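All remarks here apply to the structure that follows.
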Amino acid sequence: MSALVRACVSVALLTATIPAQAVAARAAVAPAERSAEDEYHLGEQAYALGNYEQAVGHFERSYALSDQPDLLFNIGQSYYRLYELSQDPRHLRKARALFSNYLKFLAASEALDETTRASVEQHITDIDSKLAALAEADKPDPEPDPDPPDDEQDPEPEGPKDAEPGPTEPVDEPAPEKKPLYKKGWFWGALIGAVAVAGGVTAAILLTRDSGDGIPEPELGTIPRVGPGPALAPGGVVFSF
79 MSALVRACVS VALLTATIPA QAVAARAAVA PAERSAEDEY HLGEQAYALG
129 NYEQAVGHFE RSYALSDQPD LLFNIGQSYY RLYELSQDPR HLRKARALFS
179 NYLKFLAASE ALDETTRASV EQHITDIDSK LAALAEADKP DPEPDPDPPD
229 DEQDPEPEGP KDAEPGPTEP VDEPAPEKKP LYKKGWFWGA LIGAVAVAGG
279 VTAAILLTRD SGDGIPEPEL GTIPRVGPGP ALAPGGVVFS F
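All you need for our numbering is the position in the sequence shown, starting with 1, plus 78.
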């Protein structure tokens, strides 16, 4: 295993002291002209200063230039530390994916390092525990139980069934309408009879009363006399009140 690869998988090397002059010289080189080793040391410096996002960038460029699988561990470790600052679950999931890929590389390697594999597996276990806790915390609170349907609620007390109705007050019926006398048959019959009787009596009086000269005088009306003999005015008896 090369010196670069051993440095990638060693956490101790991430915090190793690098001469300031060498780091400054590498930083002055244009990114397109930097070697994989230059990017690696710049990533190491950024990691030691807590600039984990910058460390990720340098280690990724070093991996792209060298294609060294051991750099996957360094990138995963940088994402894990970045999550501790950002609390962004995406950084934690990214770290798990990198550790998982590195574990596959170790399984296919002829010179398998059991210690390194155990360390990577422990990292994955810790990350899974954190992700599970985050998922549990994101669950919404359970909603309260709904109210039971109306038919399951306590029925309201009902009044006594078949209750007899109470006594009712009598209702005064209106008195029959009284008809005026002139609308009644018996009134007109009596009136006509009275008129007939009165007429007969008057006629009798007029015919039987003597005026002294042999001519009866009317009592209730006037009968004009014409000439020496008795006579009745045209139209018969005339009443005046």
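By construction, the Cβ of each residue, glycine as well, lies at the ideal position given by its N, Cα and C atoms.
Since the model is a prediction, treat every value here as computed from it, not as a measurement.
A straight line joining the alpha-carbon of Asp223 with that of Ala133 spans about 51 Å. Contact holds between the region 115-133 and the region 149-157, because three or more Cβ pairs, one in each stretch, are under 8 Å apart. For Gln200, the enclosing alpha helix (DSSP H) covers residues 192-215. By the C-beta density criterion, Arg168 is exposed, having fewer than 16 other C-beta atoms within 10 angstroms. For Ala142, the enclosing alpha helix (DSSP H) starts and ends at 130-144.
Arg174 is positioned such that its CB atom lies no closer than 7 Å to that of Leu184. Here Lys172 is buried, its C-beta having at least 16 other C-beta atoms within 10 Å.
By the criterion of a C-beta distance shorter than 6 Å, His201 is surrounded in its chain by Phe177, once the five residues flanking it on both sides are discounted.
C-alpha of Asp204 to C-alpha of Leu120: approximately 28 Å in a straight line. Leaving aside the five residues that flank Tyr118 on each side, the residues in its chain whose CB is nearer than 6 Å to its CB run, in chain order, Ser140. By the 16-neighbour rule on beta-carbons within 10 angstroms, Leu190 is exposed. Taking the CA atoms as reference points, Ala210 sits about 16 Å from Glu162. Non-local C-beta neighbours of Ser156 in its own chain, meaning closer than 7 Å and more than five positions away in sequence, comprise Tyr125, Tyr130, Ala133, Val134, Phe137, ordered along the chain. Between Glu199 and the set Glu111, Lys182, Asp145, Pro218, the nearest pair of CA atoms involves Lys182. Rounded to the nearest angstrom, the gap between the Cα atoms of Gln165 and Asp145 is 30 Å.
Under the three-state reduction of DSSP, Gln165 is assigned to coil, being neither helix nor strand. Assigned with DSSP and collapsed to three states, Leu127 falls in coil, not helix or strand.
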